[in-house]
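*Asks:*
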Amino acid sequence: MAATDGRENRSVLIALLGVTGAGKTTFARLASGNRELRVGHSIYPCTQEPQVVTFTLDGRPILLIDTPGFDDDTRTDVEILEDIAKWLAQQGYLQGSDQLDGLVILHPVTQHRLGGQERRRTKLLQNLLGHNAFKRIIIATTMWEKIRQEDEEDVKRSVKEREKDIWYDLVSKGAKLRKHKNNPNSAHEIIREIIKLSEKYGKLEPLIQEELKKDPRLVRTTAGKSMKKDLEADIERAEALLREHMEYMPPVPRKMDEYLRNPRWKKYREWSEEKRALEKRLERLRASLHKLSHMQFGWAKKFLGLFLSSK
């Protein structure tokens, strides 16, 4: 039964998620008509923090939250979640009745290979929300206009394979798979469907919100345990890489001017730079694990409550 709580008068909040280059910002531009949004065309995310796009559709105020790249491997899961939470708090989305009506996960069909970060963060999203929230998710495939006609059947098979693999839990528990046609009408239809799903299912409480009621420590939740396990594995790999790197240490210059000027020491300079990069990554991973282990989110219930619809 559809909710009859005056929802038609309130703003609709929808989060856009997806790998870098999936078309999140393009989707927001098409839906809103706002051409001022910056669209990225490289492998690096141009959206480093969430952006909010506001417009009206069918007389309803719509707010799209364009989030950072889902596959951003320059930051840990903990850092991304913390940045999003801080941004939401600054924007005032952790107070009042402003809560997400749903999520749109955009996937570019031009990306055939299943990335590790995509798989990992899809699992994290599932652990955060729990199965009951999956009915409020639409997986929208993008970039169909870039596929040659002779390749279309292969691409369709690739999408089907993802549906049976990385998206299986989402789709089998109610998430909808839709084809985005890269035009305003298509974006609007996806948004309208999110609104209908929100009105149909009403308020949903994510798994992690229930878990935080019992224990405020994030590390004790299903999502927290998953992040901890992944971080520990990342740290172990980073430590192994650093040990291996140290085994191949080239001769060390005796004087700093030799190190800086002599082409002979180019190999050592390159080795030193790689060593610093490995040490920096290891330091960030350890810091994230420490932070995760000590997080007691007083605001976590409100933050994760954004995945609910107000009643």
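Residue numbers (my numbering): 86 to 396.
For each residue, glycine too, the CB sits at the ideal point set by N, CA and C.
Being a predicted model, the structure only gives us computed values, none of them experimental.
Can you give the Cα-Cα distance for Ile222 and Gly259, rounded to whole angstroms?
*Replies:* When rounded, the distance between both Cα atoms is 8 Å.
*Asks:* Can you list, in chain order, the residues of its chain whose CB lies under 6 Å from that of Lys231, leaving out five sequence neighbours each side?
*Replies:* Same-chain partners within the cutoff: Thr195.
*Asks:* Rounded to whole angstroms, what's the CA-CA distance from Gln180 to Glu284? Just pull it up for me.
*Replies:* Model confidence at Gln180 stands at a pLDDT of 46, short of 50, so the residue's coordinates are unreliable and nothing is read from them.
*Asks:* Grouping DSSP H, G and I as helix and E and B as strand, with all else coil, what is Lys266?
*Replies:* Looking at Lys266 - three-state DSSP - the assignment turns out to be coil, as it is neither helix nor strand.
*Asks:* If you count every other CB in all the chains shown that lies within 10 Å of the CB of Gly108, and 16 or more means buried, which is it?
*Replies:* Per the 10 Å Cβ criterion, buried.
*Asks:* How many Å lie between Thr207 and Ile275 at the Cα?
*Replies:* C-alpha separation (whole angstroms): 20 Å.
*Asks:* Between Arg242, Glu321, His379, which has its C-alpha nearest Glu368's C-alpha?
*Replies:* Closest by alpha carbon: Glu321.
*Asks:* Let me make sure I understand the geometry here. Which of Lys352, Gln211, Gly106 has the alpha-carbon closest to that of His330?
*Replies:* Looking at the Cα atoms, Lys352 is the closest of the given residues.
*Asks:* Please report how far the alpha carbon of Asp162 lies from the alpha carbon of Gly309, in whole angstroms.
*Replies:* Spanning the two alpha carbons is a distance of roughly 10 Å.
*Asks:* Which stretch, first to last residue, makes up the alpha helix (DSSP H) that contains Gln136?
*Replies:* Where Gln136 is concerned, there is no enclosing alpha helix (DSSP H), although the beta strand (DSSP E) it sits in stretches over 136-142.
*Asks:* On the three-pair Cβ rule with 8 Å, is the stretch 212-226 touching the stretch 243-261?
*Replies:* Touching, yes.
*Asks:* In whole angstroms, what separates the C-alpha of Glu317 from that of Val240?
*Replies:* If you take the alpha carbons of Glu317 and Val240, they lie about 36 Å apart.
*Asks:* In chain order, what residues of the same chain lie with their CB nearer than 7 Å to the CB of Glu164, ignoring the 5 residues before and after it?
*Replies:* So the qualifying residues of the chain are Ser373.
*Asks:* Buried or exposed for Thr111, please, with buried defined as at least 16 other CB atoms from any protein chain shown within 10 angstroms of its CB.
*Replies:* Answer is buried; the Cβ neighbour count reaches 16.
*Asks:* Please return the same chain residues whose Cβ sits closer than 6 Å to the Cβ of Met228, not counting the five positions on each side in sequence.
*Replies:* Hits under 6 Å: Pro193, Val194, Thr195.
*Asks:* Just the C-alpha distance for Leu303 and Trp350, rounded to the nearest angstrom, thanks.
*Replies:* Their backbone Cα atoms lie some 47 Å apart in a straight line.
*Asks:* Is Leu115 closer than 8 Å to Leu148 when the C-beta atoms are compared?
*Replies:* Contact: no.
*Asks:* Ser96 by DSSP, collapsed to three states: which one?
*Replies:* If DSSP states are grouped into helix, strand and coil, Ser96 belongs with coil.
*Asks:* So, is His197 buried or exposed, given that buried needs 16 or more other C-beta atoms within 10 angstroms?
*Replies:* The residue is exposed, with fewer than 16 neighbouring Cβ atoms inside 10 Å.
*Asks:* How far does the beta strand (DSSP E) with Val189 in it extend, from its first residue to its last?
*Replies:* Start and end: 185-193.
*Asks:* Strictly under 8 Å for the Cβ-Cβ distance: is Leu363 near chain B by that measure?
*Replies:* Absent here is chain B; the protein component of the structure consists of one chain.
*Asks:* Helix, strand or coil for Asp151, going by three-state DSSP, please let me know.
*Replies:* Here Asp151 sits in strand by DSSP.
*Asks:* Starting from the C-beta of Val337, find all residues in its chain whose C-beta is less than 7 Å away, skip the five residues before and the five after it, and write them out in chain order.
*Replies:* Contacts found: Tyr353.
*Asks:* My guess is that Lys264 and Thr307 are in contact by the Cβ rule of under 8 Å, so how many angstroms apart are they, rounded?
*Replies:* Not a contact, Cβ separation roughly 32 Å.
*Asks:* Once the 5 residues before and after Ser378 are set aside, which same chain residues still bring their CB inside 6 Å of it?
*Replies:* Within the same chain, Ser378 has close Cβ partners Val304.
*Asks:* Is it the case that the Cβ atoms of Leu209 and Ser311 are separated by a distance below 8 Å?
*Replies:* Yes, they are a contact pair.
*Asks:* Helix, strand or coil for Gly309 per DSSP?
*Replies:* Reduced to three states, the DSSP call for Gly309 is helix.
*Asks:* Residues in the same chain with beta-carbon distance under 6 Å from Ile280, minus the five sequence neighbours each way, listed in chain order, please.
*Replies:* Only Val97 meet the Cβ criterion.
*Asks:* Does DSSP put Ala372 in a helix, a strand or coil?
*Replies:* Here Ala372 sits in helix by DSSP.
*Asks:* Taking the beta carbon of Ala113 as the centre, do at least 16 other beta carbons fall within 10 Å, making it buried, or is it exposed?
*Replies:* Ala113 comes out buried.
*Asks:* Could you pull out every residue in the same chain whose Cβ sits closer than 8 Å to the Cβ of Ala323, ignoring the five residues on either side in sequence?
*Replies:* Taken in chain order, the residues that qualify are Leu363, Arg366, Leu367, Leu370.
*Asks:* Got a sec, what are the start and stop residues for the beta strand (DSSP E) Thr227 sits in?
*Replies:* Thr227 -> beta strand (DSSP E) spans 222-227.
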